[in-house]
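A.B. asks:
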Amino acid sequence: MTGRTVIYNARVIDPATALDEKGGVLIENGLIVEAGAGVTKATAADLKIDAKGKALAPGLIDLRVKTGEPGAENKETLQTASDAAAAGGVTTFVVMPDTDPVIDSVALVDFIQRRAEGVAKVKVLPAGGLTLGLDGTKMSEIGLIKEAGAVFFTNGDKPVEDAGVLRRAMTYAASFDALVASRPDTPALSKNTVMNAGAFAARLGLRGTPPEAEWIALQRDLMLAETTGVRLLADCISTGRSLDAVEEARANGVKVSCSVAAYSLFFNELDVGDYLTYCKVQPPFRKEEDRMALLDGLKRGAIDAVVSAHDPQPTEDKRLPIADAAFGAVGLETLLTALLSLALREEIPLAVALKPVTSGPADLLGLPQGRLAKGAPADLVLFDPAAPWACDRDDLTSRSKNSPFDGRRLEGRVLRTWVNGATVFERG
Amino acid sequence: MADYAFPHRHLLGIEGLNRLDIETLLALGDRYVELNRSRVKHADVLAGRTLVNLFFENSTRTQGSFEIAGRRLGADVVTMPIATSSVKKGETLIDTAMTLNAMRPDLLVIRHGSSGAVKLLSRKVDGAVINAGDGTHEHPTQALLDALTIRRRVGDISGLRIAICGDILHSRVARSNVACLNVLGAEVRLIAPRTLTPPGAAEWGAEVFTDMRKGLDGCDVVMMLRLQQERMDGAYLPSAREFFHFYGLDAEKLDHAKPNAFVMHPGPMNRGVEIESGIADHKTRSLITEQVEMGVAVRMAVLETLAKNAPDIGAKN
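Going down the list, the sequences are from chains A and B. In this text, residue positions in the first sequence follow numbering that gives the first Met the number 0: the first is 0, and each later residue adds one. In this text, residue positions in the second sequence follow numbering that gives the first Met the number 0: the first is 0, and each later residue adds one.
(1) Note down the Cα distance separating H9 of chain B from V153 of chain B, rounded to an integer number of angstroms.
(2) Could you give the first and the last residue of the continuous alpha helix (DSSP H) run that contains V220 of chain B?
(3) For a cutoff of 8 Å on Cβ pairs, would you count E56 of chain B as touching chain A?
(4) Any contact of the segment 391-401 of chain A with the segment 1-21 of chain B, i.e. 3+ C-beta pairs under 8 Å?
(5) Report all residues from its chain with a CB closer than 8 Å to the CB of Y7 of chain A; omit the five preceding and five following residues, and keep chain order.
(6) Bridge partners of M194 of chain A, per DSSP?
(7) Going by Cα to Cα distance, which pick from A:P57, A:I31, A:V5 and A:L30 is closest to G359 of chain A?
(8) Could you tell me how far apart the beta carbons of I161 of chain B and V220 of chain B are, in whole angstroms, since I believe they sit closer than 8 Å?
(9) With a cut-off of 8 Å, does the C-beta of S114 of chain B fall near any C-beta of chain A?
(10) Cβ of T135 of chain B less than 8 Å from any chain A Cβ?
(11) Considering just the uninterrupted stretch of the beta strand (DSSP E) at R344 of chain A, what are its terminal residues?
(12) When the Cα atoms are used, what is the spatial distance from L349 of chain A to D295 of chain A?
(13) List, in chain order, every chain A residue whose beta-carbon is nearer than 8 Å to that of G199 of chain B.
(14) In whole angstroms, what is the alpha-carbon distance linking G330 of chain A and R240 of chain B?
(15) For P158 of chain A, which of A:G132, A:D393 and A:L366 has the nearest alpha-carbon?
(16) One question on the structure: do T416 of chain A and V380 of chain A come within less than 8 Å of each other, judged by their Cβ atoms?
(17) Thinking just about the alpha-carbon of each residue, which of B:V295, B:Q227, B:F55 and B:P258 is nearest to the one in L120 of chain B?
(18) In the structure shown, what three-state DSSP assignment does K21 of chain A receive?
(19) For D105 of chain B versus A306 of chain B, is the C-beta distance shorter than 8 Å?
(20) Could you give the distance in angstroms between the alpha-carbon of V5 of chain A and the alpha-carbon of E27 of chain A?
(21) Classify S84 of chain B: buried if its beta carbon has 16 or more other beta carbons within 10 angstroms, exposed otherwise.
(22) Please report how far the alpha carbon of G199 of chain B lies from the alpha carbon of A201 of chain A, in whole angstroms.
(23) Looking at the structure shown, is S397 of chain A part of a helix, part of a strand, or coil, going by DSSP?
(24) How would you write the range of the alpha helix (DSSP H) that D145 of chain B sits in, first residue to last?
(25) Within the same chain, show all residues whose beta-carbon is closer than 6 Å to that of N308 of chain B, passing over the 5 residues directly before and after it, in chain order.
(26) Can you name the residues that DSSP bridges to N52 of chain B?
(27) Using the C-alpha atoms, what's the distance from G247 of chain B back to V272 of chain B?
(28) Of the residues B:T148, B:K123, B:L147 and B:L168, which one's Cα is nearest the Cα of E137 of chain B?
(29) Using the C-alpha atoms, what's the distance from K118 of chain B back to P387 of chain A?
(30) Who pairs with P376 of chain A in a beta bridge, going by DSSP?
(31) At what residues does the beta strand (DSSP E) containing T4 of chain A begin and finish?
(32) CB-CB under 7 Å to M0 of chain A, same chain, minus the five flanking residues each way: which ones, in chain order?
(33) In the DSSP output, which residue or residues are listed as bridge partners for N154 of chain A?
(34) Please name the residue or residues paired with W388 of chain A in a DSSP beta bridge.
(35) For K123 of chain B, list the residues DSSP reports as bridge partners.
(36) Using 8 Å as the limit for Cβ to Cβ distance, is D323 of chain A near chain B?
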């Protein structure tokens, strides 16, 4: 991309600097030259784009995406996921290693990077498997895989049950300053469960995951992070008590950050309603007080990253009795709109609501994007922060349509998305 | 009440029914008890209509009860032989429903081992669906037959103190009964060890007891549940022996209920585990065989009522 492009007459939002003002962004060679009130229609440029007063922010960074590539391309490919990302204003996403084969080697990291380079409109970053085959027994080549470009290490949705293995893997990862992500879960308490444990699950006659499954594993992870000195990302925490534990550990000097799935901020257990399999996710929708506590964390800036937890599942794996249905929900296209809806309804400043999808995750991974700084890549999203719409799963770009937002009324729509200054999505 | 239009297309659970709905079904059930006790046990209200029994989970008494109910009303009754092994995959489940639907049954009686599965199927078919038990969720006709039994033998349910004892956690019968008895104004008590009490059971509108003797105090009716050993995938209890000691119904524990309190059990019973044989077979106090009789009558009432509401399948294109 050569030449200068100016996007003017925008509401410019940069969560990294808490900027929210009228102005524009000037782009040259795919990089941001200037952002803010100083950029106007009068700014010299080869191409001028009128934002018509809509909001312009850094493109979103999503730390938790599953595609089906390699191994289950019927669910989603890197290409379809990146199309969905672009439509959702996500310009960088991290793919989880639980594919088939597992991303637990330099070769697989290389495969993802090459595939993405060929077909993906947005930036795709691989996460490496913490243990070989995610089997929780032998650590993978953490150093080499990191060098190859894996941005963090995780066992995905299969927690490392053996604390000894986890401790050594963390200790080893700390030698390379690698970030280790762990979704806290205790399989002994969560296996064969469908939703959050409690009165509602009992009434529906469904087996529930008690929150202790998350708390016990989180306490273990926090202790091991403390003693090994590793950088830990507590991945997809879903309860208020978990957030308290993370904040307490952080106050005590543990290098811990946390992510929350957008759906955990939006739904509670009652949304499972009439056995809605699209609402069967891990971790499950929790109690309303947990949702409120996490929302409060979002307002206070205590949540480092909000993730889509994008997990495409085809109809045949969802149109089943809920106990037999697959876990997972697509989320790439609803991540931004979910946050915008919450920001509007809960009166959260946009620069605060969008921090955990821009500079928050960028800082965790040490990425230059996710901010409107001079010299940063021009990964941008233009959106109407209050446009009302109704989500229809059949309109989603993802290859799989398993969205819990199906049929929901939401506020906020993506109008245009740029990656390195080039348009990758524009709403027709 | 005779001209009350039952406002539901399916019977998927007791939840969602109001008192009038339930009493309408019970009143019709009363009439069918009389028919069933006469020499010619036949009515033609379902003549020409097709009833399909679809049991994904083994059942003898419920399946037979629906079959007899359907036949006595003059319906063409087909019981699909679905081996539990051949239909395990869920895709096949919906495909089976679609296939059956194409045969245009007016009424489908469905039992399935997964909670919510019957509701799922009800969205895929045109006929009226009757839940004959889904997982650990609901078994509405059991609750209706229990209510009919109590009403006929004990009297007005409103104000009665009724205890439900045993494996409440895994019991769809308990869930349906709590809902039904609450709507009808009974004081419901649940008696079980904590591992077999569902979380939040206290919010169901029932008082929860761990001490059976205290729980039985002043009860008019004691409903025992089958200890569903096949559903136990872990150690919810140390042993059947210990369970019987604390929660099995014997004469001594029954003495804590009202004198002449009645005893019920949805069957099949584990004698010596949740109930002592002498109590189960007690001539005046056990209502267990009468429950079975009421089952046919109440199912006839349900079938007739839903058939009235069922869309005219034959008229479709």
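All C-beta atoms in this analysis are idealised placements derived from N, C-alpha and C, irrespective of residue type, glycine included. Note that this is a predicted model, so its numbers are computed, not measured.
C.D. replies: Taking the definition as stated:
(1) 29 Å
(2) No alpha helix (DSSP H) holds V220 of chain B; the beta strand (DSSP E) holding it covers V220 to M223.
(3) no
(4) no
(5) G22, G23, V38, T39, K40, T42, K47, I48, D49 and A50
(6) A:G207
(7) A:P57
(8) 4 Å
(9) yes
(10) yes
(11) Per DSSP, R344 of chain A belongs to no beta strand (DSSP E); it is in the alpha helix (DSSP H), L334 to E345.
(12) 15 Å
(13) G197, A198, F199, A201 and R202
(14) 51 Å
(15) A:G132
(16) yes
(17) B:F55
(18) strand
(19) yes
(20) 9 Å
(21) Confidence in S84 of chain B is poor, its pLDDT being 48 and thus under 50, which makes the residue's placement unreliable; the coordinate value appears in the next sentence. It is exposed - the Cβ of S84 of chain B has fewer than 16 other Cβ atoms within 10 Å.
(22) 7 Å
(23) coil
(24) P139 to R152
(25) R8
(26) B:T78 and B:V108
(27) 6 Å
(28) B:L168
(29) 32 Å
(30) A:L30
(31) R3 to D13
(32) For M0 of chain A, the predicted structure reports a pLDDT of 46, less than 50, and the residue's modelled location is therefore unreliable. A value from the coordinates is still provided. Closer than 7 Å at Cβ, skipping near neighbours: N28, G29, N419, G420 and A421.
(33) Paired residues: none, contrary to the question.
(34) A:L409
(35) Paired residues: none, contrary to the question.
(36) yes
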